[in-house]
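Residue numbers (the working numbering): -19 to 308. Just so it is clear, CB atoms sit at the ideal spot from N, CA and C, and this is done for glycine as well. These numbers were taken from a predicted model, which means no experiment stands behind them. Let me begin by presenting the structure, written as structure tokens, before commenting on it.
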């Protein structure tokens, strides 16, 4: 018995914003971000530009899409986990509202999960293990969604032009096929926890007269300089623990935050660049769904096929990381 990925779908705004908008925006502030955008591999990103799209609405649409793709109904789902670092609501849970939208059954387990940019990958790991361990559960609907752009300071050249908006949903189910979830590996170093915070002021300061609008937004004060080391060590350990070699892996779906992370892993792990999927140039950085957006692209383009070994890896503030090994 194992857990397979039955289906995957995405949802994102129709509005495409290219680099020129951000270059002109920061030029008015006396900042030149040409090289930064080029280094990060940014070209386009999908950005919400209306009053109706939210983290929740995109998550619901992705969920409805993936159920249709899998030829399933809400009542076929036993577990719903919604991952987001920018939820539309904290109470009730996003998963509860998704349950209502898909007309789920009464004995469904629903929960939200927040591990920031690592969220959907941890959700994939968590849901897979819960399905394996609970004989009452057969299928899970997992969602990763972030309406991130609205929470970025317009004076922040690192975050404002990098983050974008999107949702991804997947159906996981028990199977007797020789495929599915294999293992995961984690890394956490919490010493620099204050380098990235949202809300930067802390929620207890929301209603203070001294709290400014920007104080409530996403705060990023420092970039990690050893991210590639963390990724390389985790992937090597994961493969060694499961008696696999780099050459056995058909696709690597890594964090889409910055192209140097991708290229650094290619160099250090001596990967075939064709096996490493990068979609950050057309979708921007979508936060919690980031590596799964790459996976979706690989599946839909035919780069990833049934029976392929796939390695996922991503990292979240500041710093916890995870790699997951699946046989698709």
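Three-state class that DSSP yields for residue i in the structure shown
{"i": "residue 304", "result": "strand"}
{"i": "residue 232", "result": "strand"}
{"i": "residue 199", "result": "strand"}
{"i": "residue -10", "result": "strand"}
{"i": "residue 103", "result": "helix"}
{"i": "residue 82", "result": "coil"}
{"i": "residue -2", "result": "strand"}
{"i": "residue 162", "result": "strand"}
{"i": "residue 134", "result": "coil"}
{"i": "residue 75", "result": "helix"}
{"i": "residue 9", "result": "coil"}
{"i": "residue 192", "result": "coil"}
{"i": "residue 4", "result": "helix"}
{"i": "residue 35", "result": "helix"}
{"i": "residue 18", "result": "helix"}
{"i": "residue 243", "result": "helix"}
{"i": "residue 213", "result": "helix"}
{"i": "residue 251", "result": "coil"}
{"i": "residue 53", "result": "coil"}
{"i": "residue 87", "result": "coil"}
{"i": "residue 238", "result": "coil"}
{"i": "residue 68", "result": "coil"}
{"i": "residue 221", "result": "helix"}
{"i": "residue 42", "result": "helix"}
{"i": "residue 277", "result": "helix"}
{"i": "residue 109", "result": "helix"}
{"i": "residue 47", "result": "helix"}
{"i": "residue 284", "result": "coil"}
Own chain, CB closer than 7 Å to residue i, minus 5 neighbours either side, in chain order
{"i": "residue -10", "result": "42, 146, 147, 148, 273, 276"}
{"i": "residue 23", "result": "-2, -1, 261, 262"}
{"i": "residue 129", "result": "27, 28, 143, 144, 145"}
{"i": "residue 296", "result": "95, 96, 97, 98"}
{"i": "residue 101", "result": "271, 292, 294, 302, 304"}
{"i": "residue 181", "result": "191, 195, 196"}
{"i": "residue 40", "result": "78, 81"}
{"i": "residue 132", "result": "139, 140, 143, 197, 198"}
{"i": "residue 13", "result": "2, 3, 6, 137, 141"}
Whole-number beta carbon distance between residue j and residue i, since they are thought to touch under 8 Å
{"i": "residue 111", "j": "residue 52", "result": "Residue 111 to residue 52, Cβ: 15 Å. No contact."}
{"i": "residue 107", "j": "residue 122", "result": "5 Å"}
{"i": "residue 226", "j": "residue 250", "result": "7 Å"}
{"i": "residue 179", "j": "residue 19", "result": "Contact doesn't hold; Cβ gap of about 28 Å is too wide."}
{"i": "residue 256", "j": "residue 232", "result": "5 Å"}
{"i": "residue 216", "j": "residue 162", "result": "Not really, about 15 Å apart at Cβ, beyond 8 Å."}
{"i": "residue 25", "j": "residue 264", "result": "3 Å"}
{"i": "residue 118", "j": "residue 153", "result": "6 Å"}
{"i": "residue 171", "j": "residue 202", "result": "That pair is no contact at about 11 Å."}
Bridge partner(s) assigned by DSSP for residue i
{"i": "residue 93", "result": "63"}
{"i": "residue -16", "result": "153"}
{"i": "residue 272", "result": "None; residue 272 has no bridge partner."}
{"i": "residue 292", "result": "233, 304"}
{"i": "residue 145", "result": "127"}
{"i": "residue 177", "result": "199"}
{"i": "residue 120", "result": "59, 152"}
{"i": "residue 265", "result": "143"}
{"i": "residue 169", "result": "Answer by DSSP bridge pairing: none, since residue 169 is not bridged."}
{"i": "residue 258", "result": "According to DSSP, residue 258 bridges with nothing at all."}
{"i": "residue 26", "result": "-4"}
Contact set for residue i: own chain, Cβ-Cβ below 6 Å, skip 5 residues either direction
{"i": "residue 92", "result": "62, 73, 74, 75"}
{"i": "residue 17", "result": "-1"}
{"i": "residue 244", "result": "208"}
{"i": "residue 185", "result": "191"}
{"i": "residue 11", "result": "137"}
{"i": "residue 238", "result": "20"}
{"i": "residue 229", "result": "289, 291"}
{"i": "residue 105", "result": "164, 304"}
{"i": "residue 177", "result": "199"}
{"i": "residue -5", "result": "27, 29"}
Cβ neighbours of residue i in the same chain (closer than 8 Å, five flanking residues each side left out)
{"i": "residue 33", "result": "-7, 127, 145"}
{"i": "residue 279", "result": "-12, 308"}
{"i": "residue 160", "result": "-18, -17, -16, -15, 108, 306, 307"}
{"i": "residue 50", "result": "-14, -13, 151"}
{"i": "residue 35", "result": "64, 66, 67, 68, 74, 125, 126, 127, 147"}
Any chain B beta carbon closer than 7 Å to residue i
{"i": "residue 195", "result": "No chain B appears in this structure, which consists of one protein chain only."}
Inset, instruction - Could you say if the stretch 197 to 215 and the stretch 165 to 172 meet the contact criterion of at least three C-beta pairs nearer than 8 Å? - result: yes
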